[in-house]
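Worksheet: one structure, shown below.
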Amino acid sequence: MEEDRHAWERPGAFQVGPGVYRIPLPLPGDHLKAVNVYAIVDGDRLVLVDGGWAMADSTDLLDRALGSLRYRIADIRDFLVTHVHRDHYTQAVAVRRRTGSRISLGEGEAANLDATHAGWDEHPDVPALRRAGAPQLADLVRTWSSADIDLAQWEYPDRWLPDAVELTLESRTLTVLATPGHTRGHVVFVDRQAGALFAGDHVLPHITPSIGVELRRPPSPLRDYLASLRVVGAMPDLALLPAHGPVRPSTRGRVEELLAHHEQRLAATARAVAGGASSCFDVTRALTWTRRERRFDELDTFNQLLAVHETAAHLEVLVEREAVTRSPDESGVLRYGISAPGGGTDASATSRG
Ligand SMILES: [Zn+2]
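Encoded structure:
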């Protein structure tokens, strides 16, 4: 079973449709092992969906994979990047510097790139972690300096992509669909004629995408994500071409699973509040994590941070649904409680009081 789950990471260039090749590229670290970029043959050049993580091993593998198709990295005319996370964006920037290819990115990511370039005195997650009742994690994040960011990896794209714009390539037309949630500016690319969705990290076959891991987190990233899932779920069924994991024949079934997963998570989050967990951090500790149902204390620090942000996103939706109440205590930590039975009126009166 485990072997099966990792088969998609094997290097190469795998045809997944007419003129479309899946190319898994390596990632550093031991969490996610690979990211798929998709090479689309377009006339005598290539269009790549996503770029990979800028590092020598990844560039070598991309070079070899394209070589097996009788192309070179210099043949890449365009990078269409689904979102601004490092494993999708930075190698596109590195390749552009060498070969002059063009980069397109969803316009919603401008806020995140602007924040990267502006830098910070205090990392923007610090106040949120204090309000979540996680002062140790806040202190850790406070040591993250924007001076450590290599801005050369985060140069701006050549073109911002608005929602619903059609990209007319020589070989096909791709429709851009804004799918905020994983990040605020995430986009997917729909190839209607081929019946395929270049899904980035919006819909993944094996794992549930993290929500709102970005410098400029919107007010309710999970609400945005669920709405974006419903947009894709309402489309005719498409082949799923994900950025992590194998290609699957159906987008719709996986969208339903992801929606169901978050409803279960919302219910578990509400139960934790009902059980007495009153801060976001308490709730995070009361829940289990990853598909292996790990306890919070078993997670490494980075995944603990992801877990707190994920819980905050779920609590936000529960507040919006008036299933839980929220108010700050005297130290500024947000405290959650279960809404009075019989409706939202009491709840909203309490939370605004
Ligand atoms: Zn990714």
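The letter at position 126 of the sequence shown is residue 110 when you use the working numbering, and the numbering goes up by one with no holes.
C-beta: ideal position from N, C-alpha, C; glycine also.
No experiment lies behind these values; they were computed from the predicted model shown.
**Request:** Please state whether DSSP places residue -15 in a helix, a strand or coil.
**Result:** Low per-residue confidence applies at residue -15: pLDDT is 48, beneath 50, and the placement is therefore not dependable, though the value from the model is reported in the following sentence. Residue -15 falls in the coil class under three-state DSSP.
**Prompt:** Between the C-alpha atoms of residue 245 and residue 219, what's the straight-line distance to the nearest angstrom?
**Reply:** 20 Å
**Prompt:** Can you tell me whether DSSP reads residue -1 as helix, strand or coil?
**Reply:** strand
**Request:** Enumerate in chain order the residues of its own chain whose CB-to-CB distance from residue 250 is below 7 Å, with the five nearest sequence positions on each side excluded.
**Result:** 298, 301, 302
**Item:** Backbone CA spacing between residue 26 and residue 50 [nearest angstrom]
**Value:** 14 Å
**Prompt:** Of the residues 91, 101, 239, 228, which one's Cα is nearest the Cα of residue 64?
**Reply:** 91
**Asked** At a cut-off of 7 Å, is residue 293 close to ligand 1 when judged by its beta-carbon and the heavy atoms of the ligand?
**Response** no
**Minimum Cβ-Cβ distance from residue 205 to chain D less than 8 Å** = The chain labelled as chain D is not found in the depicted structure, where only one protein chain is given.
**Prompt:** Exposed or buried, which one is residue 13 when buried takes at least 16 other CB atoms within 10 Å?
**Reply:** exposed
**Length-filtered (3 minimum) beta strand (DSSP E) runs lying within the stretch 278 to 312** = 308 to 312
**Best match in 85, 2, 1, 20 for proximity to residue -10 [C-alpha to C-alpha]** = 20
**Prompt:** Taking the C-alpha atoms as reference points, what is the distance between residue -12 and residue 294?
**Reply:** 28 Å
**Asked** So, do the stretch 31 to 38 and the stretch 66 to 78 have three or more beta carbon pairs nearer to each other than 8 Å?
**Response** yes
**Item:** Reference residue 167, options 241, 174, 58, 207, closest by Cα
**Value:** 207
**Request:** Go through its chain and collect everything with a Cβ distance to residue 213's Cβ below 7 Å, but skip five positions before and after it.
**Result:** 239, 242, 243
**Asked** Between the beta-carbon of residue 6 and the beta-carbon of residue 216, is there less than 8 Å?
**Response** no
**Item:** Other residues of its chain near residue 128: CB distance less than 7 Å, five sequence neighbours each side excluded
**Value:** 107
**Prompt:** Roughly how far, in whole angstroms, is the beta-carbon of residue 280 from the beta-carbon of residue 269, given that I think they are within contact range, below 8 Å?
**Reply:** 5 Å
**Asked** Which word fits residue -6, buried or exposed, when buried means at least 16 other C-beta atoms lie within 10 angstroms of its C-beta?
**Response** exposed
**Item:** Cα-Cα separation, residue 333 to residue 321
**Value:** For residue 333, the predicted structure reports a pLDDT of 40, less than 50, and the residue's modelled location is therefore unreliable. A value from the coordinates is still provided. When rounded, the distance between both Cα atoms is 13 Å.
**Request:** Please indicate yes or no: does the CB of residue 14 lie closer than 7 Å to some heavy atom of ligand 1?
**Result:** no
**Message:** Using a 10 Å radius around the Cβ and a threshold of 16 neighbouring Cβ atoms, would you call residue 309 buried or exposed?
**Reply:** buried
**Request:** Say yes only if the C-beta of residue 21 is nearer than 7 Å to one or more non-hydrogen atoms of ligand 1, and no if none qualify.
**Result:** no
**Request:** Grab the span of the beta strand (DSSP E) containing residue -6 for me, first residue to last.
**Result:** First-last for residue -6: undefined, no H or E at that position.
**Request:** State yes or no: is the C-beta of residue 72 nearer than 7 Å to some heavy atom of ligand 1?
**Result:** yes
**Prompt:** Whose C-alpha, out of 121, 131, 40, 122, is nearest the C-alpha of residue 102?
**Reply:** 131
**Message:** At the level of alpha carbons, what is the spacing between residue 336 and residue 144?
**Reply:** Low per-residue confidence applies at residue 336: pLDDT is 37, beneath 50, and the placement is therefore not dependable enough to give any value.
**Request:** List the endpoints of the continuous alpha helix (DSSP H) containing residue 52.
**Result:** 40 to 52
**Request:** Kindly list the residues whose CB is nearer than 8 Å to the CB of residue 330, restricted to its own chain and excluding five residues on each side of it in sequence; keep chain order.
**Result:** In this prediction, residue 330 scores a pLDDT of 42, lower than 50, which makes its location untrustworthy; no coordinate-derived value is stated.
**Item:** Close Cβ partners of residue 45 (< 7 Å) along its chain, the five nearest in sequence each way excluded
**Value:** -5, 9, 10
**Item:** Rounded C-alpha distance that separates residue 193 from residue 24
**Value:** 25 Å
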